[in-house]
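Student:
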Amino acid sequence: MAAQLGGQPTTILRQGTQRTTGSEAQKGNIMAAKVVASAVRTTLGPKGMDKMLVNSAGQVTITNDGATILDEMDIKHPAAKMVVEVARTQDDEVGDGTTSAAILTGELLSKAEELLDMNVHSTTITAGYTLAAIKSHEILEGLASDISGDDEDTLINIAGTALTGKGAESSKGVLAPLVVRAVKSIIKTGVDGKDTANIKDIQIERRVEGEMDDTELVEGMIIDRTRTHQSMPKRVVDARIAILATPIEVRSIEFKSEITLSGVTERRAFIDREEQMIKEVVDKVINSGANAVFCKKGVDELARHYLAKAGIFVIHRVNFKELKKLAECTNGRVITNLDELTLDHLGTAGVVEEVMVGNGEMIFIRDCPDKKIISIILRGGTEQVVDNLARAMHDALMVVRVVLEDGRVVAGGGSPEIELALRLREYAASLKGREQLAVNKFAEAIEVIPTTLAETSGLDHIDKLVELKSRHEAGDKYAGLNVFANEIEDMKAAGVVEPLKVKLQAIDSASEAASMILRIDDIIAATKEQKGPKQAPGLKDYEF
Ligand code: ADP
Ligand code: MG
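In the numbering used here, each residue's number is its place in the sequence shown (first place is 1) plus 19.
#1: Is A56 near G125, with beta carbons less than 8 Å apart?
#2: I believe P518 touches V113 by the beta-carbon criterion, under 8 Å. Please report the beta-carbon distance rounded to the nearest angstrom.
#3: Per DSSP, what kind of secondary structure is G426 in: helix, strand or coil?
#4: How about the segment 468 to 484 and the segment 137 to 151: do they share at least three Cβ pairs that are nearer than 8 Å?
#5: Can you tell me whether F503 is helix, strand or coil according to DSSP?
#6: I'd like the list of long-range same chain contacts for R38, defined as Cβ closer than 8 Å, with 5 residues on each side in sequence excluded.
#7: Please report how far the alpha carbon of A86 lies from the alpha carbon of L472, in whole angstroms.
#8: Would you mind giving the Cβ-Cβ distance between G369 and I260, rounded to the nearest angstrom? I have them listed as a contact below 8 Å.
#9: What residue from A163, V54, L127 has the CA that sits closest to I523's CA?
#10: So G377 packs on G229, CB below 8 Å; how close in whole Å?
#11: What alpha helix (DSSP H) runs, 4 residues minimum, are completely inside the segment 469 to 520?
#12: Cβ of A195 within 8 Å of Cβ of A415?
#13: Counting along the chain, where does the alpha helix (DSSP H) carrying L204 start and finish?
#14: Between the alpha carbons of T401 and V227, how many angstroms are there, rounded?
#15: What does the Cβ neighbour count give for A98, buried or exposed, with the cut at 16 atoms within 10 Å?
#16: Classify Q34: buried if its beta carbon has 16 or more other beta carbons within 10 angstroms, exposed otherwise.
#17: How many whole angstroms separate the CB atoms of V301 and L326, which I take to be in contact at a CB cut-off of 8 Å?
#18: For L362, count the other beta carbons within 10 Å of its own beta carbon; 16 or more makes it buried, fewer makes it exposed. Which is it?
#19: Is the beta carbon of G179 within less than 7 Å of some heavy atom of the ligand MG?
#20: Over the uninterrupted alpha helix (DSSP H) stretch that includes S566, give me the two end residues.
#21: Since T82 is in the beta strand (DSSP E), which residue starts that stretch and which ends it?
#22: Just checking D111 against the ligand MG - is the residue's beta carbon closer than 7 Å to any of the ligand's heavy atoms?
#23: A564 to I175, Cα distance in whole Å?
#24: Given the structure, does D116 come close to the ligand MG, in the sense that its CB is under 7 Å from one of the ligand's heavy atoms?
#25: Please find out if some non-hydrogen atom of the ligand NAD comes closer than 7 Å to the beta-carbon of N378.
#26: Could you tell me whether the Cβ atoms of I206 and L423 are closer together than 8 Å?
#27: Taking 7 Å as the cut-off, is the CB of E438 close to at least one heavy atom of the ligand ADP?
#28: Looking at G426 and L500, is the spacing between their C-beta atoms short of 8 Å?
#29: Alpha carbon to alpha carbon, what distance is there between E171 and V516?
#30: Output the distance between the C-alpha atoms of N306 and E359, rounded to the nearest integer angstrom.
#31: Using a Cβ-Cβ cut-off of 7 Å (strictly less than) and excluding sequence neighbours within five positions of V105, which residues of its own chain qualify?
#32: Return the chain-ordered list of same chain residues with a C-beta closer than 6 Å to the C-beta of Y497, the five sequence neighbours on each side being excluded.
#33: How about D414: is its Cβ closer than 7 Å to a heavy atom in the ligand MG?
#34: Within the continuous alpha helix (DSSP H) that includes L72, where are the two ends?
#35: Please report the straight-line C-alpha distance between E320 and L342, rounded to a whole angstrom.
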């Protein structure tokens, strides 16, 4: 790129920099974002299709989770990346509605393109979109109903809606109540009286074995290990837990000294000495009053034998993260020097127990002083099933959390979108100026959700949209598409409900991303610097 100054061109950008401006830039961006959005379109809804993603290492992921698909696709185009960002934000904030948000972004851009072709300026479009998004909040809030944390049935329905279409709906009967129980047990009421729940407080374990229905909730912490000696107790009640970051083995082995032993007596003496040392270490553990030991490092075989004899439950090779969590849950301290192991540094738990989960053992630590520890063991026949279950459960846990925090829900099945479109059109009619056009396009765009739901269910979307619209015009605010019965139904009555926040977030991030893309009219892209081998300075470089 060069500017002309007094006849002499001045270069201001690095050579090779690519620049696209005006409508070419705009069109290119819109196209890229639309392509990405359309990639997830067929996955929407309970009857959405799955995508098979193969990464460069050959690992296969089969999913219809919008956020996962977009994350796995290695997208380079900057505008297309913004759609990925929309899905990611949606996932982080509310956990569900990622596909919807991405599709809506694409559709808003598609409709904007029509306006651009009619010579409506992008500033007018973005202003109209912003007005429409604000109005959508108002309309959706009006459609929402309040639910209390005690409304178990609605909470289960919300979890169920999030689980539907992710390959987990066949086990909805088991999973949805489990999700509600899990989130409810980690709710904390703050000083301001507001309830909050951090989903990260729920430990998720996986076991590729059995069926999804075998998924279970454990009130406590889980460590995927087995006890180190068969004769150790399987269950310790009123556990006093030594949490060790130091090994239980003979220190002398660590010294790299060389000892030459000659004769049987000398060898015997050496072994006795070693045994003696192990015993001393073991005695430190026994004297502390511990009846369970969780050790980060190894526990010597002989030590295990002595500890088992003393009736102590020992788990070793626990990773440090788990060890720290164990210390937190049981109010214990991580010990790095066995001389510091005293009764008041031990953690406590009602029960420490080795339990058979499927064909393998796991360690459950229950009735901890911190009662809010919850774990879920996901089960399924194959790695893929468990992966999909994990994603579906994440969505479900998040939506239940969102509803418990926010307390408002709307019906699903495309019903809020149809109502929104109808009301936004009324609103547009009240506006003067060209923004009206943009608000109308926004209304058209939002219909992409019911349209796509009909498409993925193999229904004629035009027929269904006409029917839905007329039902809404007649005042049937919750009429939506029951994709199982292929009928238009009152979705609220049918129990297809979703958090209000999922819808609000999708509208906000989609309209913001669309507006941001529309405002770009200049793309200046630097080319990557060529990193060739550096040449040694030749004679030429020093010539004058
Ligand atoms: P997203 O990532 O956007 O959540 P989903 O594939 O989960 O995508 O589909 C969500 C859409 O499916 C929502 O519009 C929701 O209302 C709808 N939906 C969920 N369950 C049903 C159902 N039983 N009948 C009709 N629509 C449903
Ligand atoms: Mg969903």
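Ideal placement from N, C-alpha and C gives every residue a C-beta, glycine not left out. Since this is a predicted model, take the numbers as computed values, not measurements.
Tutor: From the atom records:
#1: Between A56 and G125, the gap from beta carbon to beta carbon is short of 8 Å.
#2: 7 Å
#3: It is coil, neither helix nor strand.
#4: no
#5: If DSSP states are grouped into helix, strand and coil, F503 belongs with coil.
#6: These residues qualify, in order along the chain: M20, L32, D541, I542, I543, A544.
#7: Each residue's Cα considered, the two are about 18 Å apart.
#8: Not really, about 11 Å apart at Cβ, beyond 8 Å.
#9: Here residue 523 is Leu; the residue named in the question, Ile, does not match the sequence. Ranking the options by Cα distance to L523, first place goes to A163.
#10: 5 Å
#11: 480 to 492
#12: Yes, they are a contact pair.
#13: The sequence shown places Ser at residue 204, rather than the Leu named in the question. Looking at the DSSP string, the run of the alpha helix (DSSP H) that includes S204 is 191 to 204.
#14: Taking the Cα positions, T401 is about 6 Å away from V227.
#15: buried
#16: exposed
#17: 6 Å
#18: exposed
#19: No, since every heavy atom of the ligand MG falls outside the 7 Å radius drawn around the Cβ of G179.
#20: Because the chain is modelled from 20 through 563, residue 566 falls outside the range shown and cannot be assessed.
#21: 79 to 82
#22: no
#23: Nothing about residue 564 can be reported from this structure: the residues present for the chain run from 20 to 563 only.
#24: Residue identity differs from the one stated: residue 116 is Gly in this sequence, not Asp. Indeed, a heavy atom of the ligand MG lies less than 7 Å from the Cβ.
#25: In the structure on display, the ligand NAD does not appear, and the ligands it does have are the ligand ADP and the ligand MG.
#26: yes
#27: no
#28: Contact: no.
#29: 13 Å
#30: 12 Å
#31: A120, A121, T124, S528, A529, A532
#32: Cβ neighbours of Y497 beyond the five flanking positions: A430, S434, D509, M510, K511.
#33: yes
#34: It is not in any alpha helix (DSSP H) - L72 instead sits in the beta strand (DSSP E) that spans 70 to 73.
#35: 21 Å
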